[in-house]
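*Asks:*
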Amino acid sequence: MDLIDHDSQACLDWRPGVSTRMRVSALTGASALSIFEQWCEPGLGAPTHWHPVEEVLTVLSGEAEIWFEGERLQARAGHSALIPATRRHGFRNVGDGQLHMLAILASPIFEAHFDDSQDIIRRWIPGPERS
């Protein structure tokens, strides 16, 4: 068993106004999942994308609009959305303060396919492929 000190993990700006901390991934020894947090300024979040694996999005604080293949839901602290694999989704902060989200993916390697890009985005991959 490994103990992970999240306070020592870096937060990275994935997009302007969106900061991310990868808590658990292949780099920390996970073999079946990844867990990360995001902090989003008002109006910002994750643009429409999909993952090859199932994802759970949980609002830790703030208010979010979460969309999933044409359906839009309002979520607040204590709400989670279960997103099936390969389904297009996204979220944004619809509140006045910062939105704090927790995401869990059923893969130790983060992979996303964004509607506004042809590139596959992979982060926290062990070895030279890491981007």
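Numbering follows the numbering used here, in which position 125 of the sequence shown is assigned residue number 125; successive positions increment by one, without gaps. Glycine included, C-beta positions come from ideal geometry on N, C-alpha and C.
For E129, count neighbouring C-beta atoms within 10 Å of its own C-beta (all shown protein chains included) and say buried if the count is 16 or more, exposed if not.
*Replies:* Here residue 129 corresponds to residue number 129 of the sequence shown, with the count starting at 1. The predicted position of E129 is uncertain, since its pLDDT is 48 and thus under 50; a value taken from the coordinates is nonetheless stated next. Flag for E129 reads exposed.
*Asks:* Buried or exposed: where does A10 fall if 16 or more other Cβ atoms within 10 Å of its Cβ makes it buried?
*Replies:* Translated into positions along the sequence shown, residue 10 becomes position 10. Exposed: under 16 other Cβ atoms inside 10 Å.
*Asks:* Looking at L102 and the ligand FMN, is the gap between the Cβ and the nearest heavy atom below 8 Å?
*Replies:* Among the components modelled here there is no ligand, and therefore nothing to report on the ligand FMN.
*Asks:* Under 9 Å, do V56 and L82 count as touching if we go by C-beta distance?
*Replies:* As a first step, residue 56 must be located in the sequence shown, where it is residue number 56. As a first step, residue 82 must be located in the sequence shown, where it is residue number 82. For V56 and L82, yes; Cβs fall inside 9 Å.
*Asks:* Comparing C-alpha positions only, which one of L102, V94, A77 and H51 sits nearest to D115?
*Replies:* Here residue 115 is taken as the residue at index 115 of the sequence shown, counted from 1. That would be H51, whose Cα lies nearest to the Cα of D115.
*Asks:* Measure the alpha-carbon distance for E65 versus S31 and round it to whole angstroms.
*Replies:* By one-based count along the sequence shown, residue 65 stands at place 65. By one-based count along the sequence shown, residue 31 stands at place 31. Roughly 31 Å between the two C-alpha positions.
*Asks:* Measure the alpha-carbon distance for H89 versus L99 and round it to whole angstroms.
*Replies:* Here residue 89 is taken as the residue at index 89 of the sequence shown, counted from 1. Here residue 99 is taken as the residue at index 99 of the sequence shown, counted from 1. Roughly 17 Å separates the two Cα atoms.
*Asks:* According to DSSP, what are the bridge partners of G90?
*Replies:* Translated into the one-based positions of the sequence shown, residue 90 becomes position 90. Its beta-bridge partners are W67.
*Asks:* Hey, how far is the Cα of A77 from the Cα of G70?
*Replies:* Against the sequence shown, residue 77 aligns to sequence position 77. Against the sequence shown, residue 70 aligns to sequence position 70. Approximately 22 Å, taken between the alpha carbons.
*Asks:* So the beta strand (DSSP E) D13 belongs to, where does it begin and stop?
*Replies:* Looking up residue 13 in the sequence shown gives position 13. Counting along the chain, the beta strand (DSSP E) containing D13 begins and ends at L12 to R15.
*Asks:* Could you tell me which of I120, I104, H6 and D119 sits nearest to T58, measuring between CA atoms?
*Replies:* Translated into positions along the sequence shown, residue 58 becomes position 58. Of the candidates I120, I104, H6 and D119, the one whose C-alpha sits nearest the C-alpha of T58 is I104.
*Asks:* Looking only at DSSP bridge pairs, what is Q38 linked to?
*Replies:* Sequence index remark: in the sequence shown, residue 38 carries index 38 (1-based). T20 and M101, per the DSSP bridge assignment.
*Asks:* Quick check on I4: buried or exposed, where buried means 16 or more other Cβ atoms within 10 Å of its Cβ?
*Replies:* Within the sequence shown, residue 4 is the residue found at index 4, counting from 1. With fewer than 16 other Cβ atoms within 10 Å, it is exposed.
*Asks:* For V94 and G43, I'd like the C-alpha separation in whole angstroms.
*Replies:* By one-based count along the sequence shown, residue 94 stands at place 94. By one-based count along the sequence shown, residue 43 stands at place 43. In a straight line, the C-alpha of V94 is about 6 Å away from that of G43.
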